[in-house]
């Protein structure tokens with residue numbers, strides 16, 4: 030095996046730690062690219078909100094004036110994020126692999142529930158006739174929540190691998206597999222915290238009042 | 007993450023069969039060649055399109071080309087050249103090949119993602135080329151794809167062409183992001199022992215910063231591409247205003263076409279530097295090796311690359327002076343545009359000072375490098391004209407602009423591409439490219455491009471507008487301009503045909519070229535010090551090289567050779583001052 034280490038057959042633990050660092054660096058740059066994308070959406074949203082045809086979904090007579098479902102969804106995503114953080118801290122303890130796995134499963138379930146919750150909001154909007162083409166505020170809602178959801182689904186793929194590795198861990202307690210699992214869980218935890226923060230930002234944006242949009246737009250000089 | 011998977015299986019990405027070695031390869035060198043050949047192939051399509059356009063401009067109606075076909079050719083030519091040829095070649099081709107070899111890594115850090123990056127790129131190219139065969143043909147909206155015309159009827163290719171273009175761009179961005187994550191992480195985390203950031207060759211610096219620009223700027227194209235796709239497919243109004251088309255009112259209302267322009271150019275201007283920064287890096291290395299002299303002001307060169315990268319994000323609206331934006335806004339962007347000329351000029355001075363008192367070898371890579379400096383200077387100077395609002399407005403949408411951006415962003419980087427291929431080809435194939443054919447190719451290309459673009463500045467100043475497919479019966483265009491157009495067309499077609507020399511050389515020399523040995527240019531940087539040429543899988547044999555100095559120790563006194571390889575320890579040869587500073 031050739032690796033990026035200095036020797037042909039190497040100290041596997043050291044190499045895995047290096048791999049974990051590489052994966053983390055890759056993830057940070059990925060999050061930077063995703064942040065750039067959502068920041069540009071945010072700017073487009075604010076700029077577009079200043080055109081007279083904009084019908085903010087948060088107005089008292091509009092569907093997002095009641096944000097109960099969205100708060101509930103946010104709580105689900107927060108649960109997923111907290112569970113992953115707990116798993117991340119717990120993986121250091123070799124006796125608690127089962128608890129770690131349960132945390133991962135909880136995060137998985139909470140994330141899926143969040144996605145279903147978001148779909149229910151979509152369904153409600155569609156049932157009330159708020160289609161993407163009828164007003165651009167609706168289109169932004171579908172687009173931003175949809176893209177956020179797609180990023181979560183991407184994360185779920187890695188979470189599946191992490192959960193599988195963690196369940197294997199209960200049977201074999203070798204250090205290399207623990208390091209690999211630790212790395213996957215750390216990546217998932219960081220990514221979920223990021224997506225939680227992103228969602229809270231989007232939540233604030235999508236349910237903000239037209240006055241706040243106007244204030245931000247004025248501040249930006251639009 | 008994918009790499010962590012690889013470790014579990016001893017030699018997962020060790021190629022075993024023809025398919026895993028050459029097709030589904032995870033080896034950065036094979037992926038680089040796949041990227042490069044695909045980019046060159048699609049670039050040839052764009053070259054043919056430009057020859058067809060030139061025929062129409064120089065000799066109207068001499069070929070069967072109507073206005074629709076002209077606009078389609080123009081759009082596809084621009085988009086292919088900027089995105090699918092230059093970006094892919096510099097980052098996917100040179101980035102993939104050179105980064106691991108120059109920093110002393112065995113491969114990219116996520117080889118599987120790297121492979122996916124190429125296949126996504128290929129898919130984006132296929133989707134783009136498919137648009138030639140769909141009803142209505144490819145989009146003819148101009149490479150900037152401005153709404154509302156890009157998706158309203160009357161513009162060529164609004165049926166399917168624009169959809170395929172946008173989908174292709176979105177796939178390309180996903181590919182570029184996957185590749186980009188690999189390049190930056192490899193540079194930051196997989197350098198070999200002793201390879202500090204300030205010992206990296208400038209090629210790596212250029213590609214590294216360009217990749218960061220790509221990771222942050224391509225999302226702007228992604229965002230605008232998705233929103234325009236939704237406007238087209240499901241009738242949202244992100245960019246589409248309330249409008250009439252062919253006498254009937256469309257469903258759209260309230261969209262902001264100017265928002266698209268801002269998003270597009272927030273990507274578009276960094277894109278110029280995504281292409282230029284790797285070219286700056288590559289040419290710095292070519293000049294140093296072939297002038298047998300250390301690069302002048304290495305650290306200054308690095309910081310200039312970083313400064314240009316940062317500034318490139320705050321100049322975008324100089325592409326939009328005529329969009330009706332606030333004049334004060336234009337004033338701000340004129341200033342930032344002129345400020346970016348400072349680090350850029352610094353680089354040009356440093357290249358020139360590297361040449362000064364150098365032992366200049368007029369090899370083919372050096373010829374291309376010298377041509378690059380001159381061409382970039384010419385293109386850059388006309389940029390100073392166009393960066394000023396008051397000068398830009400009368401020149402806007404004339405052939406002056408066409409000449410400017412072809413010089414600075416078309417010809418200049420392509421000259422570096424050629425120079426770099428002549429330089430690194432011996433490492434890639436183990437054989438030299440034919441020198442005589444190379445020189446002939448150089449002189450035709452270099453002189454030819456000047457014969458094409460110098461007169462174009464003049465006809466631009468005469469007021470000849472760009473994007474017209476026929477110039478008959480315009481009183482303000484003098485006959486001399488028509489004659490010049492015919493002349494430009496003849497030269498352009500000769501230059502295009504001359505590229506066959508290069509292609510022939512590329513394939514002929516791969517089999518019949520003179521064997522190169524491991525380091526034919528006597529270069530000091532790490533990629534020339536591999537145990538095998540071409541380097542084998544894993545690059546470095548049983549153990550990684552250890553680096554003791556920078557990559558520019560040329561002309562060192564009291565040494566047997568006139569260069570000191572990066573792996574030579576300080577006991578055997580003094581470490582250069584420039585490196586000590588690092």
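Residue numbers (this note's numbering), protein chains in the order written: chain F, 30 to 251; chain D, 7 to 588. We put the CB at the ideal spot given by N, CA and C, even for glycine. Here the structure is a predicted model, which means the values were calculated and not measured.
Grouping DSSP H, G and I as helix and E and B as strand, with all else coil, what is residue 404 of chain D?
strand
Checking 8 Å against the spacing of the C-beta atoms, do residue 94 of chain F and residue 87 of chain F come in under that value?
yes
Just to confirm before moving on: does the CB-CB distance between residue 339 of chain D and residue 321 of chain D stay below 8 Å?
yes
Out of D:409, D:107, D:266 and D:574, point me to the one whose CA is closest to residue 461 of chain D's CA.
D:409
Just by C-beta distance, which residues in the region 406–439 of chain D are closer than 8 Å to chain F?
none
Using alpha carbons as the reference points, say which of D:49, D:436 and D:248 lies closest to residue 88 of chain D.
D:49
Check for me: the alpha helix (DSSP H) holding residue 457 of chain D runs from which residue to which?
441–467
Span of the alpha helix (DSSP H) around residue 59 of chain D:
34–64
Which runs of the alpha helix (DSSP H) fall wholly inside the region 68–129 of chain F and span at least 4 residues, in chain order?
97–119
Could you tell me whether any Cβ in chain D is nearer than 8 Å to the Cβ of residue 103 of chain F?
no
Are the beta-carbon atoms of residue 191 of chain F and residue 210 of chain F separated by less than 8 Å?
yes
Please list the partners that residue 238 of chain F has in chain A, where partner means a Cβ-to-Cβ separation under 9 Å.
Reference to chain A is not applicable here, since the protein chains of this structure are F and D.
Consider the Cβ of residue 55 of chain F: report whether some Cβ of chain D lies at a distance smaller than 8 Å.
yes
Counting only Cβ pairs nearer than 7 Å, list the residues of chain D close to residue 62 of chain F.
183, 221, 222 and 225
Residue 504 of chain D beta carbon less than 8 Å from that of residue 412 of chain D
no
Taking three-plus beta-carbon pairs below 8 Å as touching, is the region 142–152 of chain D in contact with the region 160–180 of chain D?
yes
In chain order, what residues of the same chain have a beta carbon less than 7 Å from the beta carbon of residue 393 of chain D, not counting five sequence neighbours either side?
324, 340, 343 and 344
What does a CB cutoff of less than 6 Å around residue 52 of chain D pick up in its chain, not counting 5 residues either side in sequence?
83, 86 and 87
Alpha-carbon spacing of residue 349 of chain D relative to residue 313 of chain D, whole angstroms:
7 Å
Going by DSSP in three states, residue 254 of chain D sits in which element: helix, strand or coil?
strand
So what does residue 560 of chain D bridge to, in DSSP terms?
D:569
Grouping DSSP H, G and I as helix and E and B as strand, with all else coil, what is residue 15 of chain D?
Note that residue 15 of chain D scores a pLDDT of 39, beneath 50, so its modelled location is shaky; the value from the coordinates is reported in the next line. Three-state result, residue 15 of chain D: coil.
Is there a C-beta anywhere in chain F that falls below 8 Å from the one on residue 259 of chain D?
yes
What first and last residue would you give for the alpha helix (DSSP H) that runs through residue 300 of chain D?
No alpha helix (DSSP H) contains residue 300 of chain D, which DSSP labels as neither H nor E.
Mind checking residue 458 of chain D: buried by the 16 CB within 10 Å criterion, or exposed?
buried
Tell me which residues share the same chain as residue 246 of chain F and place their Cβ nearer than 8 Å to its Cβ, disregarding the 5 neighbours each side in the sequence.
75, 76, 78 and 79
Classify residue 202 of chain D: buried if its beta carbon has 16 or more other beta carbons within 10 angstroms, exposed otherwise.
exposed
Compile a chain-ordered list of the residues in the region 151–184 of chain D whose CB is closer than 7 Å to at least one CB of chain F.
183
Does any residue of chain D have a CB that is nearer than 8 Å to the CB of residue 94 of chain F?
no
Status (buried if at least 16 other CB within 10 Å, exposed otherwise) for residue 300 of chain D
buried
Residue 34 of chain F in three-state terms, based on DSSP:
Residue placement at residue 34 of chain F is flagged as unreliable, the pLDDT there being 47, under the threshold of 50; the coordinate-derived value follows with that caveat. Residue 34 of chain F: coil per DSSP, three-state reduction.
Neighbour flag for residue 240 of chain D against chain F, beta carbons, 8 Å
yes
Within chain F, partners of residue 244 of chain D - CB distance below 9 Å:
73, 77, 165, 168, 169 and 172
Run of the alpha helix (DSSP H) containing residue 231 of chain D, from where it starts to where it stops:
208–239
Please report how far the alpha carbon of residue 90 of chain F lies from the alpha carbon of residue 150 of chain D, in whole angstroms.
40 Å
May I have the straight-line CA-CA distance separating residue 224 of chain F from residue 287 of chain D, to the nearest angstrom?
36 Å
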